[in-house]
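K.L.:
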Amino acid sequence: MPANILVLDDEKNYLLILESILEDEGYGVTALSDPEMGLAYLEESEVDIILTDMKMPKLTGQDVLERCKKAYPHIPVLIMTAFGSIEAAVEAMRIGAFDYITKPFANEEMLLSVSKAVQYAATQRENIRLKREILDRFGKGNIIARGKGMQQVMDMVDRAAPSRSTVLILGESGTGKELVARAIHASSPRRDEPFITVNCMALSPGVLESELFGHEKGSFTGATAMRKGRFEMANKGTLFLDEIGELTPELQVKLLRVLQEHQIERVGGTDTFDVDIRIVAATNKNLQEAVTRGEFREDLFYRLNVVSIFLPPLRERREDIPLLAAHFLDKYTKENQVEITGFTGAAMDYLTAYEWPGNVRQLENVVERCTVLARTEVIDADDLPPEIKDEEAQFKSAVDLLPSQLNLAETMDKIEGALVRRALVKSDFVQVKAADMLGLSKSNLQYKLKKYDLMGRAK
Ligand SMILES: Nc1ncnc2c1ncn2[C@@H]1O[C@H](COP(=O)(O)OP(=O)(O)OP(=O)(O)O)[C@@H](O)[C@H]1O
Ligand SMILES: [Mg+2]
C-alpha cells in the first residue's frame with residue numbers, strides 16, 4: 016500500500032504541482048485547499064503524513080500542526096513556509112513539526128523530507144502495533160479468572176491499576192503473581208512506559224544493589240563505565256520486584272528510602288535523581304511472619320503493603336482448572352502445530368482433583384507435556400503423567416503441604432472439612448450428590464456441614 020499523504024495549501028497552483036510530483040513518486044495523495052476539510056478528512060481516513068502550507072486563510076499551518084499533535088501525535092507534519100519567514104519555521108519546529116520546507120522548493124529536497132517522514136511514520140506504526148501486541152499478551156484478557164477467588168483478584172487489579180500506589184502480590188509459587196503484576200501495568204496509565212522486572216533472589220546482594228541503583232564509573236573494581244540501574248530504567252513506568260522477601264536488611268533500608276523520597280543515588284555517586292516509579296512487589300513468603308521474626312522491616316512492609324493482592328493456590332480454585340487446561344492446550348497445540356481437541360472426562364477428573372503443589376505453572380507444564388506426547392486427538396487419563404494419577408503420591412504431597420503441627424484431631428478435622436467442601440463444589444452444592452461422593456448418609460453430611468460452617472452454601 017502506498018503511503019497516503021494529505022497536502023494542504025490554499026494556492027491551487029502549488030497544490031496541483033505537489034499532487035503531481037508526489038503521485039509520480041508513487042504516493043497516494045489527497046490535495047485540499049481548505050484546511051478545515053483537511054481536518055475532517057483526517058477523522059475518517061488513514062493518513063500517513065501531512066504536508067501543509069503555513070499561511071492559509073481560516074486555519075494556519077500552525078493551527079493544523081497543533082491540532083494534529085493532540086489528536087494524531089503519531090502522524091508527522093511537514094510545514095511549508097514562504098522563503099524568508101524563518102521565524103515561522105522555527106516556531107513550527109518548536110511545537111513539533113517533523114520538518115519544514117521553504118517555498119519555492121527544489122523537488123528533490125522536498126521529496127527527501129517527504130520520504131523521511133513516510134519512513135518515520137511506518138516505524139511509528141510498527142512500534143504501536145508491537146506495543147499493542149505485547150499489551151494484549153500481558154493484559155487482563157490473558158488471565159483465566161473464572162471462579163470467585165480470581166474474580167476478586169481481577170477486581171483488585173482494576174481498582175489498583177489507575178493509581179501509583181505500591182501493590183504487594185502474595186501467593187504460592189506458580190500462582191500467577193508475575194502475570195498479575197504485568198496486568199496491573201498494562202491496565203495503568205503507565206502502560207506505554209517501561210515495565211522492568213528485578214528478581215531479588217536471583218542475584219547476590221552486591222550485584223543486586225548495583226543492578227537496582229546503577230553505578231558510577233570506577234565505583235568498584237570492574238565498574239569500567241557508568242551504568243543505569245533498574246530504578247532509572249523504570250522511570251515513569253512500573254518496577255516489578257519479584258521475591259521481595261529475599262531482600263537483605265541493607266537493601267531493605269535503601270528501598271524504603273526510594274519509596275519515601277522518590278529519589279535514587281547511583282552506587283559510588285553523589286548526585287540524586289528524581290524518579291517517578293510505581294512499585295509492584297511479589298513474594299511467596301509470609302511477609303507478616305518475616306516481620307514478626309525480625310527478618311523484614313516493619314516500616315518497609317507497611318510501605319509495600321498499601322494494596323495487597325492474594326493469589327489463592329490452584330487447589331483452592333479448582334473451578335478454574337478446566338478453563339486453564341483448555342487455555343494451555345490451545346497455546347501449546349498452536350505452538351507445536353498438533354491437532355488435539357480436548358480432554359476426556361476421566362483425564363479432566365484427575366486434573367481437577369489433583370493437589371497442584373506447583374499451581375498454575377505445574378498445570379501448564381503438564382498440559383504442554385501432554386500436547387507433545389499424546390497419541391490421540393483427545394487427551395486421556397493414560398496420557399497424564401503418573402504423579403497426577405498416583406493417589407498414594409497425591410496423599411504424600413498433600414501431607415507434605417500440611418502445616419507442621421501434628422495434633423491428630425485438629426489436623427483430621429481440617430482435612431475432613433476440606434474434603435466436605437470439595438465434594439460440595441464438585442456436586443454443585445447438591446447435598447444428596449455430595450453425600451454420595453463422600454460415602455455418607457444425608458443426615459451425617461448435614462451434621463458435618465454444620466460442624467464446618469458450610470450449611471449456607473448447600474442446597
Ligand atoms: N490465571 C491464569 N491464567 C492464565 N495463565 C496463568 C494464570 N496464572 C498463571 N498463569 C501462567 O502460569 C505460569 C506461572 O505464572 P507466574 O510466573 O505469573 O507465577 P508466579 O506466581 O510469578 O510464580 P513464581 O512464584 O514461581 O515466580 C505463567 O506461564 C503464567 O502465564
Ligand atoms: Mg514469578
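Position in the sequence shown (first residue = 1) + 15 = the working numbering.
In this text, a Cβ means the ideal position worked out from N, Cα and C, and glycines have one as well.
Treat the numbers as computed from the prediction; the structure is a model and nothing was measured.
1) Pairs of beta-carbons, one from the stretch 36-49 and one from the stretch 75-90, closer than 8 angstroms: are there three or more?
2) In terms of DSSP beta bridges, what is Met95 paired with?
3) Across the stretch 288-303 and the stretch 328-345, are there enough close Cβ pairs to call them in contact, namely three or more that are closer than 8 angstroms?
4) Under the rule that 16 or more other beta-carbon atoms within 10 Å means buried, what is Met52, buried or exposed?
5) Just to confirm, does Glu38 get its C-beta within under 6 angstroms of one of the non-hydrogen atoms of ligand 2?
6) Hey, quick one: how far does the alpha helix (DSSP H) through Ile90 stretch, first residue to last?
7) Which of the three DSSP states, helix, strand or coil, is assigned to Glu148?
8) Can you tell me where the alpha helix (DSSP H) with Glu258 in it begins and where it stops?
9) Leaving out five residues before and five after Ile110 in sequence, what residues of the same chain have Cβ atoms less than 8 angstroms from its Cβ?
10) Strictly by DSSP, which residues pair up with Lys243?
11) In this structure, how does DSSP classify Arg437 when only helix, strand and coil are distinguished?
12) What three-state label does DSSP hand Glu276 in the structure shown?
13) Using 10 angstroms around the beta-carbon of Ile324, count the other beta-carbons present and answer buried if the total reaches 16, otherwise exposed.
14) Flag Glu379 as yes when its Cβ comes closer than 6 angstroms to any non-hydrogen atom of ligand 2, and as no otherwise.
15) Would you decide whether Gly237 is buried or exposed? Buried here means 16 or more other CB atoms lie within 10 Å of its CB.
16) Under 7 angstroms between C-beta atoms, does Val213 make it to chain B?
17) I want to check one thing, is the minimum distance from the CB of Gly189 to the heavy atoms of ligand 1 below 6 angstroms?
18) Would you mind listing the alpha helix (DSSP H) stretches within the stretch 173-216 that are 4+ residues and don't spill past its ends, in chain order?
19) Comparing C-alpha positions only, which one of Gly99, Ala18 and Lys118 sits nearest to Thr67?
20) Leaving out the 5 sequence neighbours to the left and right, which residues in its chain are closer than 7 angstroms to Ala196 when beta-carbon positions are compared?
21) Is Arg376 near ligand 1, going by C-beta to nearest heavy atom under 6 angstroms?
22) DSSP state of Ser458, grouped into three classes?
23) Can you check which of these residues, Asn299, Arg161, Asp314 and Ser202, is closest to Gln275 by C-alpha distance?
24) Hey, how far is the Cα of Asn157 from the Cα of Lys349?
25) Tell me whether the stretch 354-374 and the stretch 391-407 touch, counting them as touching only if at least three CB pairs, one residue from each stretch, are closer than 8 angstroms.
26) Assign Ile36 to one of three DSSP states: helix, strand, or coil.
27) Relative to the alpha-carbon of Ile143, which residue among Met363, Phe113 and Tyr87 has its alpha-carbon at the smallest distance?
28) Using the beta-carbon count (16 or more within 10 Å), is Pro328 buried or exposed?
29) Just reading off the beta strand (DSSP E) that Gly43 is part of, what are its end residues?
P.N.:
Judging by the given coordinates:
1) no
2) Asp68 and Ile116
3) no
4) exposed
5) no
6) No alpha helix (DSSP H) holds Ile90; DSSP gives it neither H nor E.
7) helix
8) Here Glu258 belongs to no alpha helix (DSSP H), and DSSP marks it neither H nor E.
9) Gln77, Leu80, Glu81 and Lys84
10) Gly229
11) helix
12) helix
13) buried
14) no
15) exposed
16) You won't find chain B in this structure, because it holds only one protein chain.
17) yes
18) 192-201
19) Lys118
20) Ile184, Phe255, Val295 and Ala297
21) yes
22) helix
23) Asp314
24) 16 angstroms
25) yes
26) helix
27) Tyr87
28) buried
29) Gly43 to Leu47
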